Amino acid sequence: MRFYLATTNHNKLREFREILGDVEPIDIDVEENGSSFEENALIKARAACRLTGEPAVADDSGLCVDALGGEPGIYSARYSEVGDRKAKILRELQGEVKRSAKFVSAIAAVFPDGEEFTARGEVRGEITDKPYGDNGFGYDPIFYMPEFGKTMAELTPELKNAASHRGKAIQAMLKQLKARGVPQ
Ligand code: IMP
0 MRFYLATTNH NKLREFREIL GDVEPIDIDV EENGSSFEEN ALIKARAACR
50 LTGEPAVADD SGLCVDALGG EPGIYSARYS EVGDRKAKIL RELQGEVKRS
100 AKFVSAIAAV FPDGEEFTAR GEVRGEITDK PYGDNGFGYD PIFYMPEFGK
150 TMAELTPELK NAASHRGKAI QAMLKQLKAR GVPQ
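Numbering (numbering that gives the first Met the number 0), first residue to last: 0 to 183.
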């Protein structure tokens, strides 16, 4: 099944296409004023479905740092100016020994008949002392994954998709689609 994906983030689009295949981006202008990843994903997917009249998906994702009380969390895209977000996290964690964090992705799927559901993927890791690696996007260079001995930005796209929060959320979404008999 072909989905509209409510995003202007070309990295998210690429990752969705690598796993889901037929995905068409749509730019929707909607306020992400939910209080959870799931609520924000639903807000975006509902708007895209309303606009197109077709099935739509949206991802709301972010980095939750334990020593920062889970911040930036749902505010990951607005945490600081573009280009300074990773540096801000590193500054906040200067001298901090507790560096555990998780990436979260919530995906919402919304259908024209009103059916909707969400799926979540999470992955735990550690915040590094400085950025490493050029792949991926966003906070990937400062997110170290002990099972690979690398940051997310040092993984190949294939490995990131297999291990990442978004990859896991998309797989969980596919499972739900299958269980509901939605053709794929
Ligand atoms: P959203 O568009 O509101 O979901 O913003 C998510 C923000 O979280 C992005 O702009 C990134 O800063 C961050 N983020 C989400 N997923 C990833 C990822 O896979 N790698 C690195 N940063 C991510």
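Heads up, the beta-carbon is just placed ideally off N, CA and C, and yes, glycines get one too.
Model, not experiment: these values are computed from the prediction.
In the DSSP assignment, the residues bridged to Ile25 are Ala5.
Per the DSSP secondary-structure output, Arg119 pairs in a beta bridge with Ala105. Distances between the C-beta of Ser75 and the heavy atoms of the ligand IMP include at least one below 6 Å. Residues of the same chain with a CB within less than 6 Å of the CB of Thr51, apart from the 5 flanking positions on each side, are Tyr3 in chain order. For Asp112, the secondary structure class from DSSP, reduced to helix, strand or coil, is coil. Counted as a single uninterrupted DSSP element, the stretch harbouring Ala152 is not any beta strand (DSSP E), since DSSP gives it neither H nor E.
When the five nearest sequence neighbours on each side are left out, the beta carbons in the same chain lying within less than 7 Å of the beta carbon of Lys85 are those of Pro130, Tyr138, Pro140, Ile141, in order along the chain.
Residue Ala44 holds the alpha-carbon nearest to the alpha-carbon of Thr6 among Leu19, Ala44, Gly113, Gly33. With a contact defined as Cβ atoms closer than 8 Å, Pro182 and Met0 qualify at about 6 Å. The bridge partners DSSP lists for Leu50 come to none. C-alpha of Leu89 to C-alpha of Ala46: approximately 35 Å in a straight line.
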